[in-house]
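Protein chains in written order, with the numbering used here: chain R, 116 to 367; chain D, 844 to 1442; chain C, 165 to 480. What follows is a set of notes on a single structure, which appears directly below.
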């Protein structure tokens, strides 16, 4: 079977968000593989370790630096990578067209994708790609197993947790808790050096963005940051209650 | 971040040559030259340190060795202990820069850093370099996986700096099958956790030899843990050997040649200490910055105040300089090693000879970095105010932990003596063209003021400082030699002053080369370089002045001081403005950075 | 027409439906505003929907008893195409965000995802939404005659129901087979005020120590304040609390008047789910914990001492 894991390279969660030129400025910031997508790569590796005879291909669409995220995935154990190199900003619906074309060319059986990406906060990529391929989807997967014929697992919905089974091909999106992604070990980092990263241009895929970014502004709510020392618990508690009743007026 | 795919190799330079040669930026290795794999390895190590070591700190400090052992197994699984191990024994056999950067990134905890380094450095290297195939077969894989922890036992209660004076004795048993060891070892790192010890003893009280001894061998007792000022999570115990029977197969290397093992391993330990100091200082600086951003005094975060910014800037410059120094030197070692034939039967021996060439650089790294990190942890503690003095904050632990660095791996006093002593010895042997260089400088300065060599670029002034620093160091070395002749090595204070000067030359040059190599892409690095250069030259100037005062008087002194004044003449930089800019960038990022982002 | 897909649960219309109606009425595009009710046994929902739209289309079919992204997207796309809808509104709940992209692809239309506001500007739609883990507001623009808009729950003020009921029409649908088989469901019903409705939320993280600690401290404090109970991902993963209490990137996003975070470190993924709360209070033993960067009031200390002290103080 061939498993494709989609990756995005995003701002590291610890970095402060800065705006310049009407978009978020990533210059000089630490960029990492989106953790949500990391769960996808890890899950692909686990499916293989648990018996699936799978080739794992990681795919990213993004600027030159996105290669680092692909290398990290290869260093985790993925077999090869495809990098559609572009500086263009595509929305999820447009991007799904690229992903679907790649999935078809690669004759993929399973696509794993982050449930939500940490830059555009979109949950759409997996679903849109599934629609283009006319495949079923499962979103917010929290457990997964392959028994040789069907996928079974659990996922989150509005109501709670559902157990499911479905056949391949399919698109599954991940979430925190699905697994604990492995650190790339040194031997795997060295092995990854020899693994293929195939480069493509966006032009080959004919994808047009449907949504344009007009501008951004950093959300900031100034917080009071009145921090009390809790050594004397009753005193601190009394002080806090007074603040909440009299100053903030949020409790009776 | 660099996206170079090709691996950069530094120009071949010989140890100690920094004083008499001028290299160009493209000749040296800098942290910006790390290739993709090295960057990934750095990332894996940092992620592990942050996600697994930091949360376990309280446990580690409480001497919960199970936790430390578990972490060592985990780093073993990641391959972080296999970097110096040959491929045929399951190792990765990567370059020294890679093993250095692992030590750098893993050093977020003084205690665990020592456990790690004592194991992978002095613990494992004797076996890698001197082990027979049988010995390596038996032990190496288990050490590389972290399943077993190694310990290195040289020091004794009355033999620290003078290691050759150890009293532990080994006698061959009548049937020739064992050596019987008797004696005591002191200050042995990892002893409480180790499964394999490399113990130094004198056969028949004369032949200085190394032995491999497994934990649990009858006659080998691990004494109680020392109650230390710092690195409390690291195991430090005495070792008592009472008629301890060690099979003859476990003699490491050659009888009577154990001192080679001891000295060669120390060189590696010294540059790795530099790496650990970088990691520790960077981590402490980050903690201090984050604290200062939140702490409000007089209605503002304390990062608004000049005296706080100054500490941040000074610490950041120290980290920047340390990175420049360590990666330049280890890169030079790698360049020298890359010329060796790995398949040669005496490869291990050649490796050590190669590293030994850089003994001066290794010693400088050791004493300079340990003093750098001491300054950083002191400044960061001070920045925390009262909270720096209590255990709830990591600042006080970092402060206590750092102190050992000036003591072990050879005290800083010993390392200063080695620095100067080695330079002089090489000069005498004709292996380092120091004497001609000194003569040239003496002739030049005695001839009177000459035309100032013009430098250009944003670091022009600092380049001029460096040129004068080299001249001043050569001049002082020459003057001291003239005064004391072969007795110079007895004049420890003067030897120390010369060592300080040599160190500042090496560090300042490394800083300038690193910064120039960036080609203006990081304006903040230029500021850090200028800030550091000002401090560096002051240290060098003070050492030179003290030295001249100690060796000359009357007219001779006046003549020499005239030369001194000429070579130290400079315009002061605005270190306040530089410091504020540097601190501003660090504070905006919330950690040590080379990016000039403003919040 | 403007199509809005009516969210509902347990036989009743959801609050989000009124928010969708408000968005539809204020977008600046021509109606009629058409509500679509998909489900099984949804007569009551349809009746309520008749008070928020100009007309109601109902597909009350046994095949639609359980949500499925393919079935829902197929149904919505069909109705949209038949009715020549130019704007399709879907509530950006987890399920809504799971199927709205499929609708967008089927209709070859842009998706404006999880918006805070949306208006027609000269034929194009301009919307505001959050990105970078809720740290940035972005303004986006979509061209084209048809658009799919998913609306962030709570972003719009609910439109009041009309006094008159609109016409209802049954619709025929050609539904694809269900390819994801549901073999089990774990619903949680705690009997307390829901997270999304409460004015005050008391939330706990691993710092409370244990499930018993959580009950004693967090639930205890919540009871005293009449508050909802929230939990971090870590606590839910550890099995101490049900998923319905999870706040954060992979849980719920809440905006109560007061959010009291006990024993929570404040990782970005959690903060993204509560960062907009009116007043944030944190209690944690670690002075360095990131949560203190986003608090209005905090106490650094042992939660085991402080929370009981708070409960005692509130009782006075």
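Glycine included, each C-beta is placed from N, C-alpha and C at the ideal position.
Note on geometry: alpha-carbon atoms of residue 344 of chain R and residue 1154 of chain D lie some 27 Å from one another.
The beta carbon of residue 257 of chain R sits no closer than 8 Å to any beta carbon of chain D. For residue 1004 of chain D, no chain R residue has a C-beta closer than 9 Å to its own C-beta; the minimum C-beta separation is roughly 36 Å. For residue 333 of chain C, the enclosing beta strand (DSSP E) begins and ends at 331-334.
Closest in C-alpha terms to residue 1252 of chain D, from the list D:1068, D:1033, D:1112 and D:919, comes D:1112. Residues of the region 288-301 of chain R with a C-beta less than 7 Å from any C-beta of chain D: 298, 299, 300 and 301, listed in chain order.
Closer than 8 Å to the CB of residue 296 of chain C there is at least one CB belonging to chain R. Using a CB distance below 8 Å, the part of the region 444-461 of chain C facing chain D consists of 451, 452, 456 and 457, ordered along the chain.
Within chain R, the residues 186, 187, 190, 299 and 304 have their CB atoms less than 7 Å from the CB of residue 883 of chain D, given in chain order. Note: residue 292 of chain C is bridge-paired with C:281 and C:303 in the DSSP secondary-structure output. Chain D places no beta carbon closer than 8 Å to that of residue 346 of chain R, leaving this residue out of the contacts. Within 10 angstroms of the beta-carbon of residue 208 of chain R lie 16 or more other beta-carbons, which makes it buried.
Residue 891 of chain D reaches chain R at 298, counting residues in chain order whose Cβ is nearer than 9 Å. In the structure shown, the three-state DSSP call for residue 237 of chain C is helix. Around the beta carbon of residue 336 of chain C, a 10 Å sphere encloses fewer than 16 other beta carbons of the protein chains shown; the residue is thus reported as exposed. Only residues of its own chain outside the window of five on either side were considered, and among them 388 have a CB closer than 6 Å to the CB of residue 478 of chain C, listed in chain order.
For residue 972 of chain D, the enclosing alpha helix (DSSP H) stretches over residues 968-973.
Under the three-state reduction of DSSP output, residue 407 of chain C falls in the helix class. The Cβ-Cβ distance between residue 259 of chain C and residue 193 of chain C does not fall below 8 Å.
If you compare the alpha carbons of R:252, R:273, R:237 and R:233 with that of residue 227 of chain R, the shortest gap goes to R:252.
If you ignore the 5 residues before and after residue 295 of chain R, its C-beta comes within less than 8 Å of the C-beta of 157, all in its own chain and listed in chain order. Check the Cα spacing between residue 435 of chain C and each of C:426, C:366 and C:413: the tightest is with C:413.
Secondary structure note for residue 387 of chain C: its alpha helix (DSSP H) is the uninterrupted segment 384-389.
Selection D:1186, D:1089 and D:1256 evaluated against residue 1056 of chain D yields D:1089 as nearest (Cα-Cα). Beta bridge pairing from DSSP links residue 172 of chain C with C:177.
When the five nearest sequence neighbours on each side are left out, the beta carbons in the same chain lying within less than 8 Å of the beta carbon of residue 982 of chain D are those of 970, 974, 991, 1039 and 1055, in order along the chain.
Shown here for residue 897 of chain D: same chain residues with a beta carbon closer than 8 Å to its own, the five before and five after excluded, namely 951 and 952 in chain order. Close to chain C, meaning a Cβ-Cβ distance shorter than 9 Å, are the following residues of the region 1112-1137 of chain D: 1130, 1133, 1134, 1136 and 1137. Secondary structure note for residue 1250 of chain D: it is in no beta strand (DSSP E), with a DSSP letter that is neither H nor E. Neighbourhood of residue 342 of chain R in chain C, by CB distance below 9 Å: 446, 451, 456, 459, 461, 462, 463 and 464, in chain order.
For residue 1048 of chain D, the closest alpha carbon among the candidates D:1218, D:1013, D:1017 and D:1276 is that of D:1013. Here the alpha carbon of residue 239 of chain R sits roughly 7 Å from the alpha carbon of residue 262 of chain C.
Residues of chain C whose Cβ lies closer than 8 Å to the Cβ of residue 1235 of chain D are, in chain order, 451.
Straight-line measurement puts the Cα of residue 416 of chain C at about 15 Å from the Cα of residue 401 of chain C.
Counting C-beta pairs with one atom in each stretch, the region 1103-1117 of chain D and the region 957-969 of chain D have three or more that are closer than 8 Å, which means they touch.
Residue 1208 of chain D is a Cβ neighbour of residue 1117 of chain D, given a cutoff of 8 Å.
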